[in-house]
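**Q** Residue numbers (our numbering), protein chains in the order written: chain W, 1 to 487; chain A, 1001 to 1489. All C-beta atoms in this analysis are idealised placements derived from N, C-alpha and C, irrespective of residue type, glycine included. Would you mind keeping the following structure in view while I ask a few things?
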Amino acid sequence: MSNLLQFSISEALSLLEKKEFSTKELVETYINAIEKTKDLNMYLTTCFDQALEQAEISDQNYLNGNQRFLEGIPLGIKDMFCTKGIETTASSKILKNFIPTYESTVTQNLWKEGAINLGKLSCDEFAMGSSNETSAKGEVINPWNFEEKRTPGGSSGGSAAAVAAKAALAATGTDTGGSIRQPAAFCGVVGLKPTYGRCSRWGIVAFASSLDQAGPITRNVSDAALMLQVMSGYDHKDSTSSNKNVPNFYNDLGKSIKGIKIGIPEEYNSDGISSDILNAKDITINFLKENGVEITHVKLPLTKYSLPVYYIVAPAEASSNLARYDGVRYGARIDGNSLDEMYENTRNLGFGDEVKRRIMIGTYVLSSGYYDAYYLKAQKVRRLIKNEFDEIFKQVDYLVTPTTPTTAFKIGSTQDLLTMYLNDVFTVPASLAGIPGISLPIKLDKNKLPVGIQILGKDFDEQGLLNVANVIESCASFKDTPDGAAS
Amino acid sequence: MTNVDQNSNYISGKTGDWEIVIGLEIHAQVLSSSKLFSGASTEFGKDPNHNVSLVDAAMPGMLPVINQTCIKQAIKSGIALNADINKYSVFDRKNYFYADLPQGYQISQYKYPIIGEGSLKITDANGEDKVIGIERIHLEQDAGKSLHDQHPSKSFIDLNRTGVALMEIVSKPDLRSPEEAASYVKKIRTVLRYIETCDGNMEQGSLRADCNVSVRKPNGNLGTRCEIKNLNSIKFISQAIQYEAERQVEILENGGVIDQETRLFDTSTGETRSMRSKEDAHDYRYFPDPDLLPLELSEAQISEIRSDMPELPDQLVERLISEYGMTKYDANVIAEEKEYVHYYENSAKNRDGKLVVNWMTSELFGLLKKNNIQFNQNPISPNYLNELVELIENKTISGKIAKDVFEIMFATSKSPKMIVKEKGLEQVTDDSAIEVFVDQVINENNDKVKEYLSGKDKLFGFFVGQVMKVSQGKANPGLVNKILKSKLK
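Structural data, given as structure tokens:
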């Protein structure tokens, strides 16, 4: 039954409804696929017994015609989402053995609609990283050219790799500066970062509260629409969640994009950008033109400030958000002779280098005497960046850019931190502005690695974003499967 | 040594007078059944870690959600303190590590507090009104408690108090003596209790104060201040300020300088001691809490609360004076507690208001204090006090008998009418009955009568006293006078 792995969510749902196969068969197939792809080191925790129990309930529901929106769809969950009764570590040693007594709103929304949890997926520690190399449980290997051991990107590297490797039908991710879109691009899958506030942050381990946003990573655009529809919605437990109506993203897919205006920002270019990526952009522009889209070249001159602003704002919030991991109440504790010593020991051994680095940067930029020069100024520039996007969206409906400057690089190849941080140069601006963005694969580069293109839109226009992505997807007809995928 | 000049607020030292300058930060626990950012209960006295939600324990992924009741309470308090209500305010994180601070930061308000400048009228040492400026009021979370005395080598943490809403009421440095500071805290407490935004229970820690104290030559430049942390009684506030001011004067007069520092008051010795210097002060790294949106209030929301405000103590004092003819002093005493007012207004119905206030403030308060009984446990109902005053007004009993009746009422909670009836204490106003008492006294004191008639007028009082004694105090004193006069001619 391994051919069950080929189906997308929408295909699987209709076949399950027709009783072509059972949920139990589908879940067993995925469990088998997870076992086969173990070497890619994607799952931190699995919960197969629970998944099989859920599958029985789903089968019962299909039998009774009571199936829910995502009945029986097996998912992988990024380890940033707290899952009731299942270890949740944010890929950090400091949360080793932490078992939440509560379920995050987003995952709860998925389970309520019948989706099934296969397990928890690796990510960069506390979602801080762009290569999944900072996970306390070791690197995740990109299923594309897996023998070359390339990174899946990050921080949602486990999620993107698992979807690409067919070790999950779809996965959840979180995106703070590109953590959904960049790994989606590296792994040749679709990754959607919704508008800030679209999905509740309640129960998601916080990295940078004003930027964190959950979103789906899927095989195709219509699956992203299905997932987003269930994940979204106002939550009174998150004061920053939006009470805007959640459209029926899936049903409204497929609208013509004729006559819309799309801007190509000239600043989304960099010295190290590969010709394959520039070519993918040109191909995309041609697809759009063929579909009657009006293409304009636009300028977003503040783009260059995005990365420095991000590396002030995100660490500042992180330094405060991670203060709660102090060894007092839960997670790891390394004793000491005094309270301060216990803090030092626990946090020294519990956190990895990248997390410590960001806590120190964040503490510094908030310190008295530096606050105005760094944090306050960064917040002002952030506001200007948001304004710049608002202005540009008065001229064009969407923006199309490369998702990343390069395709997946080899594990351990990036020693230089600044080069690593530059990976997020095209994804960070939308995070700072809070606007939605989607990445989808266009083609393979000369190394047979996927190339992603990013579409950005106005606040809460995920529907439009999905429609444009849907058209590009059908033109690109990207059907390749990684060599490291389960079959 | 220095001492306080009885006639002024100044401390007189070797080099002349010194003026004390005091500013207070009062932390008032907001009356609300749940915490500032979580749904956990605020009930006092529960077992440790009983009132703790996932948010209070700072579990991963938990988010604060503002409690609208607390916002309303802060607005109410601001209105009562004549303060500006800020339509835009921001919650900030104040970052520091401590074992009873689970988040690693306290959510507070820094640059944009919910309440701006206001004022409060107090009575100074000379009984004059004085207006004290209020700088701001902001909302913040309380921390938990560390218990260091439960185990030889471990500290225990109780998170019941974690996240309970506090209002920090910051005064301007307008207070000039420990007495003024005490009067200010009392008044704040009274106001908050009136409007029911804080129960003012200082023993339970619902109201605590940090005192900023400095000294200077009268009207000179402000001196360096020290902050005395966490005082939880009005007595300690006065004591700590007095000690601290004298300490500073002594240092300055001996050529020293005051180090800006945070100090603790030792209640057993009555002294303050250094806790940390300015150099050791935390860098709290305040920044707006990204989990919470700025708090925006509408005019309608504020107006609604404004139109719903109960009578405030100052308004009440005015009314007690005009409506009941009270002295300002008495009015202030009654207005101090809402329950006094309630009691007073019930017992004064259709009665002489001045008479009632005298009975309340001298007899009732006196007996309560003597027997160590709280006002809310008061055994005498306002109806009965009303009845007692009625008995005095219609001359059923004399003021003297009334005091005896009052003591019985206090002991038995019985109605004064019943006591008077049972004990036969009605005043005798029948001329012939009083004549019998007078005749008896004259007959038994022939020698004194002779002395009186020969010009010793002072003896008249003796006869009155004897008649009252014979009548067991029940004879109407006016009639006794009249009849004695006519018989002793």
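Determine whether the Cβ of residue 203 of chain W lies closer than 7 Å to any Cβ atom of chain A.
**A** So yes, residue 203 of chain W belongs to the interface.
**Q** Here's a check: name, in chain order, each residue in its chain whose Cβ is nearer than 6 Å to the Cβ of residue 1070 of chain A, leaving out the five neighbours to either side.
**A** 1030, 1032, 1036 and 1165.
**Q** DSSP three-state label for residue 1003 of chain A, please.
**A** With a pLDDT of 46 at residue 1003 of chain A, under the threshold of 50, the modelled position of this residue cannot be trusted; read the value that follows with caution. Residue state, collapsed to three classes: strand.
**Q** Identify, in the order they occur along the chain, each residue of the same chain with its Cβ nearer than 7 Å to the Cβ of residue 7 of chain W, setting aside the five sequence neighbours on each side.
**A** Taken in chain order, the residues that qualify are 15.
**Q** Could you tell me which chain W residues have their CB closer than 9 Å to the CB of residue 1157 of chain A, listed as they occur along the chain?
**A** Going along chain W in sequence order, the residues near residue 1157 of chain A (Cβ under 9 Å) are 328 and 329.
**Q** Pull up the DSSP beta-bridge partners for residue 1428 of chain A, would you.
**A** Residue 1428 of chain A is bridged to A:1475.
**Q** Going along chain A in order, which residues have a C-beta closer than 9 Å to the C-beta of residue 47 of chain W?
**A** What residue 47 of chain W touches in chain A: nothing, since even the nearest Cβ is about 18 Å away.
**Q** Could you name the residues of the same chain whose beta carbon sits closer than 8 Å to that of residue 1137 of chain A, not counting the 5 residues immediately before and after it, in chain order?
**A** Contacts found: 1074, 1077, 1078, 1081, 1083, 1113, 1114, 1115, 1118, 1167, 1168, 1169 and 1170.
**Q** With a threshold of 7 Å on Cβ separation, who are the neighbours of residue 300 of chain W within its own chain once the five nearest residues in sequence on each side are excluded?
**A** Cβ within range, chain order: 265, 267, 388 and 392.
**Q** List the DSSP bridge partners of residue 441 of chain W.
**A** Bridge partners of residue 441 of chain W: W:452.
**Q** Run the CB neighbour count on residue 78 of chain W, radius 10 Å, all protein chains shown included, and call it buried at 16 or more, exposed below.
**A** Buried.
**Q** Given a limit of 8 Å on CB to CB distance, which residues of the region 1044-1068 of chain A reach chain W?
**A** The region 1044-1068 of chain A vs chain W, Cβ under 8 Å: 1054, 1057, 1058, 1059, 1060, 1061, 1062, 1063, 1064, 1065 and 1066.
**Q** With a Cβ-Cβ cutoff of 7 Å, do residue 514 of chain W and residue 227 of chain W count as a contact?
**A** Lying before the first or after the last residue shown, residue 514 of chain W is absent from chain W, which here runs from 1 to 487.
**Q** Return no unless some Cβ of chain W is closer than 7 Å to the Cβ of residue 1353 of chain A.
**A** Residue 1353 of chain A does not count as touching chain W.
**Q** Using the three-state DSSP reduction, which class does residue 1342 of chain A fall into: helix, strand or coil?
**A** The answer is helix: DSSP assigns residue 1342 of chain A an H, G or I state.
**Q** Check whether the region 65-73 of chain W and the region 191-208 of chain W are in contact - that is, three or more C-beta pairs closer than 8 Å.
**A** Because the criterion of three Cβ pairs below 8 Å is not met, the region 65-73 of chain W and the region 191-208 of chain W do not touch.
**Q** Out of A:1193, A:1354, A:1042 and A:1383, point me to the one whose CA is closest to residue 1322 of chain A's CA.
**A** Measuring from the Cα of residue 1322 of chain A, the nearest candidate turns out to be A:1354.
**Q** Using the Cβ count rule (16 or more neighbours within 10 Å means buried), how would you classify residue 1092 of chain A?
**A** With 16 or more other Cβ atoms within 10 Å, it is buried.
**Q** Who pairs with residue 398 of chain W in a beta bridge, going by DSSP?
**A** W:262, per the DSSP bridge assignment.
**Q** Please confirm if the region 154-161 of chain W is in contact with the region 111-131 of chain W, defined as three or more CB-CB distances below 8 Å between the two stretches.
**A** As far as the Cβ criterion goes, the region 154-161 of chain W touches the region 111-131 of chain W, which means the pair count is three or higher.
**Q** Apart from the five residues just before and just after residue 1494 of chain A, which ones in its own chain have a Cβ nearer than 7 Å to its Cβ?
**A** In this structure chain A extends from 1001 to 1489, so residue 1494 of chain A is not present and cannot be described.
**Q** Taking a cut of 8 Å between CB atoms, which residues from the region 1083-1095 of chain A lie near chain W?
**A** Cβ contacts with chain W: 1093 and 1095.
**Q** Whole-angstrom Cβ separation of residue 421 of chain W and residue 330 of chain W, contact assumed at under 8 Å?
**A** Residue 421 of chain W to residue 330 of chain W, Cβ: 31 Å. No contact.
**Q** Does the region 233-251 of chain W come close enough to the region 363-373 of chain W that 3 or more CB-CB pairs lie under 8 Å?
**A** No, because fewer than three Cβ pairs between the region 363-373 of chain W and the region 233-251 of chain W fall closer than 8 Å, the two stretches do not touch.
**Q** Note down, in chain order, all residues in the region 1105-1125 of chain A with a beta-carbon under 7 Å from any beta-carbon belonging to chain W.
**A** Residues passing the 7 Å Cβ filter: 1105.
**Q** Below 6 Å CB to CB, which residues in the same chain sit around residue 133 of chain W once its five sequence neighbours on both sides are set aside?
**A** Hits under 6 Å: 139.
**Q** Consider the Cβ of residue 238 of chain W: report whether some Cβ of chain A lies at a distance smaller than 7 Å.
**A** Chain A, which has a Cβ nearer than 7 Å to the Cβ of residue 238 of chain W, makes this yes.
**Q** For residue 1175 of chain A, does the three-state DSSP call read helix, strand or coil?
**A** Reduced to three states, the DSSP call for residue 1175 of chain A is strand.
**Q** Starting from the C-beta of residue 1272 of chain A, find all residues in its chain whose C-beta is less than 8 Å away, skip the five residues before and the five after it, and write them out in chain order.
**A** For residue 1272 of chain A, where only same-chain residues beyond five positions count, the Cβ hits under 8 Å are 1226, 1228, 1240, 1243, 1244, 1247, 1263, 1264, 1265 and 1266.
**Q** Taking contact to mean 3 or more Cβ pairs, one atom from each stretch, closer than 8 Å, check whether the region 1407-1421 of chain A and the region 1429-1439 of chain A are in contact.
**A** Touching, no.
**Q** I'd like to check one pair, residue 455 of chain W with residue 400 of chain W: are the Cβ atoms closer than 7 Å?
**A** Yes; because the gap between Cβ atoms is below 7 Å, this pair is in contact.
**Q** Excluding sequence positions up to five away, which residues of its chain have a Cβ less than 6 Å from the Cβ of residue 1016 of chain A?
**A** The answer is none, since no qualifying residue turns up.
**Q** For residue 1177 of chain A, which residues of its own chain have a beta-carbon under 7 Å away from its beta-carbon, when the five flanking residues on both sides are left out?
**A** If we look at residue 1177 of chain A and ignore the five residues flanking it on each side, its Cβ neighbours are 1009, 1020 and 1125.
**Q** With distances taken Cα to Cα, identify the nearest neighbour of residue 321 of chain W among W:63, W:55, W:50 and W:128.
**A** Per the Cα distances, W:128.
**Q** Within 7 Å of any Cβ in chain W, is that where the Cβ of residue 1020 of chain A sits?
**A** Not closer than 7 Å to any Cβ of chain W, the Cβ of residue 1020 of chain A fails to qualify, so no.
**Q** Can you pull the chain W neighbours of residue 1103 of chain A, defined as C-beta to C-beta under 8 Å?
**A** Chain W residues near residue 1103 of chain A: 323 and 324.
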